[in-house]
Every structure is written in C-alpha cells, then in structure tokens.
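Residue numbers (the numbering used here): 24 to 414. These notes concern the structure reproduced below.
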Amino acid sequence: MKRSSDDRLKVAIVGCGGIGNSHARGYAASGRADLVGVADIVRERADGYAEKYDTTAYGSVTDLLAAQDPALVSIATPPGTHAELAIEVLAAGKSVIVEKPPVLSLAELDKIAEAEQASAGSAYGIFQHRHGSGGRRAHQLLQSGALGAPLVAVCETLWFRPRSYFDPDWRGTWVGEGGGPTLGHGIHQIDLLLHLLGQWKTINASAVRRDRPVQFEDISMAMVTFENRAVATMINSLLSPQELSRIRIDSEGGTLEVNHLYGYSDADWTFHPTPDEAVAARLGQDPGTVNPENAARSQQAGDAWAASAAEDVPSNHSAQLGRLVDDLLAGRDHETTLASTRPTMEFITALYASALTGQAVDRADLVPDHPFYTALHGGVEQSRIDSTFAI
C-alpha cells in the first residue's frame, strides 16, 4: 500500500460523471485521503474534475496509473465498463472500489475475483447503506439475536426516472446497464436487506415493462425465502413519482423499519416492540393470551435497540469511504469486500432468471454453467424478453 509521508492514503477516481462527485466528497470528508488523479474518456469532464478538486486529469485509467501511484482507485463509470477497469487496476497492484452495480453478471464478478487473487491489491464494492449507524446497529442486533428471530420482511424501492433519463446511449440496454431497476436502483435496498437477514434460499419473481424505453423491466416483484426461514416480498420500480425506499422486518421481538429515499439517518429508523400484556389489554385483548416469554423477549429487544444508539452517521458515500480509508491505513480488512457482495449479485441474477423462465430459482442453482451466469438476460432473445415483460 502506498502512503504519503503524513500517513494519508493516495486515491484516484475513474469516471467523472455525477456519481464520481460522491466519491470525491467522501474522500475529502475522510480527512485522510489525497486525490492524486482523475480520469475520464471525455477529457473535458476530467479537466473539470481536476479543477474542481485540485488534482490532475487523465484521459484513461491506463494513463493515470502510469503517472500516479494511488493505493486505491474508485471506479465510477457506467456499469458495463466496471469489470474491465477493475481488472486493470488490480493488475497494476492497486486496490479498487467499484460503484454499484459492481458488475453485470456473476461471470464478471468471478473474473475480478481471479484478478484480485493475483494482485497485491484488494477489491471492494460500494454499498454504503451497510455503513450508516442505523444499519450497523440493526445488523448487529439482528445477527446477535437481540431482536428475536426475523419472521417476515418487506423491501421497497419505489423510485421515479423520466424517459429522458434513458437518453444516454448506454442506458436502457443490457450491454450498458446490464438490467433495469432491480440491478441499477433496487440493489441498494436488496443489499441492505440481505445484510440484515442473512443468506437467501429461493426466489419467485416476475418483471414487467410498463412504460420506459428500455430493453429490460421497469418494475420487478419477488417473494423470497431465507435460510433462517424468514420470508420477504420485494418491489422495484422506476415509475413511482412519490419516491420511497423502505425495509420493514417483523421479528419475534418487534418491528424494525427504515423509511427514507436515497440515504438514511438514524431518525429514519424505528423499532416497535411486540405488544406486551399491558398493550394487549389496551387493545381489548385478553392479557392471558400473551406468552410471558415473548413479552420478556419484546422488552429486551426494545431495550437493546434503545441502548445501541450512537453517533448518527448517515448512509452516504462518506460513511463507507471514510471507513475504507481508515481500514486501509490501519492495515485492517474492510468488510464490504467484493466477495461479500456476491450474495447480492446472486439474488439479482436469480430474480431475472425467475422472471424470464417463470420458475422458482434456488441460490444453489447459480453455478457457472447456469444460463444466467454470464448475463442477466440469460441469452434469451430480445423478442422473447419483450413478450415476457409486456403487459
């Protein structure tokens, strides 16, 4: 790892569009990173970034790596370019963090993993919702059992993107974007749900194209079962003017919910313990029907959630990139490895496979010879996709 003399991390950004700004701001907020270069195939964009962030512009990642020696490179380009660029960075012996969606297929993910094995660097994925303080609290309490076993969950990404959003030629295509709101938008909430509930088992899904000029879906829905026997429903949409991002988990101990849009703070999280005898009485129910053990568990769950409150860290890029910079400087492992994002990509792969085949898909099915391993459309002809997704 390359550091400057005052123990700061040298970083670079490839891709000078809108999301690259979030990476630049995140590194600046860390207070321990030096942005040594930015690159974009549109040189004017790179020049604009260089002026804005007081660094040096390059026309490609190849030129940047030849001139600079960053320890970490952010990939913030269109999704169809992520794998190739990440592999080039790893081949140069540098660490890389890839914007979501990290790849367009499990095959691409495995190619990056192979490059990582041969590299002195490591690969990470941007899933900032894992790193806000509310999400970290929820993860710790669910994994420890403090909130009781999860039973049922709801995961909603109801966003709005107008038709003009798809004007860039790479958008709306399998080659450029890899998939619709399931991959490019709902992936935030999907990853957080999986992070909270653990390993998923089976998906039954459907997808439709209702309005947007794309090759894939603009709405998807799924029912999911988890290894811990929890079940969840999920919806992803780009047609919802009143936008919402929500996860609700009903556990033995109560209802945990986060309701936000593009990023949450602690105020967006709520926990409602399962009603105890007194609550049952107020509801006109027979208090004697309430299991005392469940009541005690509910009280403990409520106490655990209240006691876990800490400094409010919103779930933005700064939350993850600040932790990543600190982890790399300290020589610690950063938990959001590319490998840790594989269940999320497997989930999305299975959702498309289920929607296009009309069959349930088990996680165990997703081996390299599975037809959807190399592309989320599974090699299905576009005319058949159009017919399947039409309503």
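Built from N, CA and C at the ideal position, the CB exists for glycine as well.
Legend entry - Residues bridged to N259 (per DSSP): For the purposes of this step, residue 259 is taken as the residue at position 236 of the sequence shown. In the DSSP output, where bridge partners are listed per residue, N259 has T180 and S243.
Legend entry - With 16 other Cβ atoms within 10 Å as the buried cut-off, status of V198: As a first step, residue 198 is located in the sequence shown; it is residue number 175 there, counting from the start. With fewer than 16 other Cβ atoms from the protein chains shown falling within 10 Å of its own Cβ, V198 counts as exposed.
Legend entry - Identity of the residue in T78, K33 and R153 nearest V336 by Cα: Within the sequence shown, the letter at position 313 stands for residue 336. Closest by alpha carbon: R153.
Legend entry - Endpoints, the beta strand (DSSP E) within which G14 is located: The structure shown has nothing for residue 14, since the chain only spans 24 to 414.
Legend entry - Presumed contact (8 Å Cβ cut-off) between L399 and L127, rounded CB distance: Counting from 1 along the sequence shown, the entry for residue 399 is found at position 376. Counting from 1 along the sequence shown, the entry for residue 127 is found at position 104. 7 Å between Cβ atoms; contact.
Inset, instruction - Indicate whether E275 and A172 have their beta-carbon atoms separated by less than 8 Å. - result: If you number the sequence shown from 1, residue 275 lands on position 252. If you number the sequence shown from 1, residue 172 lands on position 149. In contact: E275 and A172 (Cβ atoms closer than 8 Å).
Legend entry - Other residues of its chain near G43: CB distance less than 6 Å, five sequence neighbours each side excluded: Along the sequence shown, read from residue 1 onward, the residue named residue 43 stands at position 20. Same-chain partners within the cutoff: I36 and A99.
Legend entry - Alpha-carbon to alpha-carbon, M368 and G354: Position 331 of the sequence shown, counted from the first residue, corresponds to residue 354. Position 345 of the sequence shown, counted from the first residue, corresponds to residue 368. Those two C-alpha atoms are separated by around 27 Å.
Inset, instruction - Drop a sphere of 10 angstroms on the beta-carbon of P236, count the other beta-carbons inside from all chains shown, and report buried for 16 or more, exposed for fewer. - result: For the purposes of this step, residue 236 is identified with residue 213 of the sequence shown, where counting begins at 1. Exposed.
Inset, instruction - Please specify which runs of the alpha helix (DSSP H), each continuous and at least 4 residues long, are wholly inside the region 104-188, giving them in chain order. - result: Listed in chain order, they are 105-114, 129-140 and 156-167.
Legend entry - Whole-angstrom distance between L129 and T372, CA atom to CA atom: Taking the first residue of the sequence shown as 1, we reach residue 372 at position 349. Taking the first residue of the sequence shown as 1, we reach residue 129 at position 106. Separation of T372 and L129 (C-alpha to C-alpha, rounded to the nearest whole angstrom) is 8 Å.
Inset, instruction - For A290, I'd like the list of residues in its chain whose CB is within less than 8 Å of its CB, leaving aside the five on either flank, ordered along the chain. - result: Reading the sequence shown from its first residue, position 267 is the one you call residue 290. Taken in chain order, the residues that qualify are D335.
Inset, instruction - Would you identify the three-state DSSP class for F412, choosing helix, strand or coil? - result: For the purposes of this step, residue 412 is taken as the residue at position 389 of the sequence shown. Helix at F412.
Inset, instruction - Check each candidate in G144, A143, D133 and C39 and name the one with the smallest Cα separation from E122. - result: Here residue 122 corresponds to residue number 99 of the sequence shown, with the count starting at 1. Cα-wise, what sits closest to E122 is C39.
Legend entry - Three-state secondary structure assigned by DSSP to N339: Counted from its first residue, the sequence shown places residue 339 at position 316. Three-state DSSP puts N339 in coil, outside helix and strand.
Legend entry - G209 versus N259: straight-line alpha-carbon distance, rounded: In the sequence shown, counting from the first residue as 1, residue 209 sits at position 186. In the sequence shown, counting from the first residue as 1, residue 259 sits at position 236. G209 and N259 have their C-alpha atoms some 6 Å from each other.
Legend entry - Closest Cα partner of A56 within the set R31, G381, A387 and A253: Here residue 56 is taken as the residue at index 33 of the sequence shown, counted from 1. It is R31.
Inset, instruction - Please confirm whether I408 and L379 have their CB atoms less than 8 Å apart. - result: For the purposes of this step, residue 408 is taken as the residue at position 385 of the sequence shown. For the purposes of this step, residue 379 is taken as the residue at position 356 of the sequence shown. Against a cut-off of 8 Å, the Cβ pair of L379 and I408 comes out as a contact.
Legend entry - Distance CB(I272)-CB(L352) smaller than 8 Å: Position 249 of the sequence shown, counting from 1, holds the residue named residue 272. Position 329 of the sequence shown, counting from 1, holds the residue named residue 352. No, they are not a contact pair.
Inset, instruction - Could you pull the start and end residues of the alpha helix (DSSP H) that E280 belongs to? - result: Counted from its first residue, the sequence shown places residue 280 at position 257. It is not in any alpha helix (DSSP H) - E280 instead sits in the beta strand (DSSP E) that spans G277 to H283.
Legend entry - Nearest to A161 (by Cα), restricted to the options A376, L361, E404 and L279: To locate residue 161, count along the sequence shown from 1; it is residue 138. If we check each option's Cα against that of A161, L279 comes out closest.
Legend entry - Nearest residue (CA-CA) to Q265, options E179, I213, R194 and A245: If you number the sequence shown from 1, residue 265 lands on position 242. Of the listed residues, the one whose Cα sits closest to Q265 is E179.
Legend entry - Sequence-distant residues of the same chain with beta carbon closer than 7 Å to V403, five excluded per side: One-based indexing of the sequence shown puts residue 403 at position 380. If we look at V403 and ignore the five residues flanking it on each side, its Cβ neighbours are L379.
Legend entry - Reduced DSSP secondary structure (H/G/I, E/B, other) of V302: The sequence position of residue 302 within the sequence shown is 279, counting from 1. Confidence at V302 is low in this model, with a pLDDT of 47, below 50, so its placement is unreliable and the value that follows should be read with caution. It is helical.
Inset, instruction - Label F183 either buried or exposed according to how many other C-beta atoms from any shown protein chain fall within 10 Å of its C-beta, with 16 as the threshold for buried. - result: For the purposes of this step, residue 183 is identified with residue 160 of the sequence shown, where counting begins at 1. It is exposed - the Cβ of F183 has fewer than 16 other Cβ atoms within 10 Å.
Inset, instruction - Would you kindly work out how many angstroms separate the C-alpha atoms of G221 and P366, rounded to a whole number? - result: For the purposes of this step, residue 221 is identified with residue 198 of the sequence shown, where counting begins at 1. For the purposes of this step, residue 366 is identified with residue 343 of the sequence shown, where counting begins at 1. Those two C-alpha atoms are separated by around 9 Å.
Inset, instruction - Take every Cβ of the region 109-116, pair it with every Cβ of the region 136-145, and state whether three or more of those distances are shorter than 8 Å. - result: Touching, yes, given that three or more Cβ pairs across the two stretches are closer than 8 Å.
Legend entry - Buried or exposed by the 16-neighbour rule on C-beta atoms within 10 Å, applied to V59: Your numbering for residue 59 matches position 36 in the sequence shown. When all chains shown are included, V59 counts as buried.
Inset, instruction - Assign A330 to buried or exposed, taking buried as 16 or more other Cβ atoms, counted over all protein chains shown, within 10 Å of its Cβ. - result: Residue 330 sits at position 307 when you count from the first residue of the sequence shown. Under this definition A330 is an exposed residue.
Inset, instruction - Give the range of the beta strand (DSSP E) segment to which F395 is assigned. - result: Position 372 of the sequence shown holds residue 395. Bounds of any beta strand (DSSP E) do not take in F395, whose DSSP letter is neither H nor E.
Inset, instruction - List the DSSP bridge partners of D273. - result: One-based indexing of the sequence shown puts residue 273 at position 250. D273 is bridged by DSSP to V175 and T278.
Inset, instruction - Using alpha carbons as the reference points, say which of Q382, K75 and F370 lies closest to Y396. - result: Taking the first residue of the sequence shown as position 1, residue 396 is located at position 373. The shortest Cα separation from Y396 among Q382, K75 and F370 belongs to F370.
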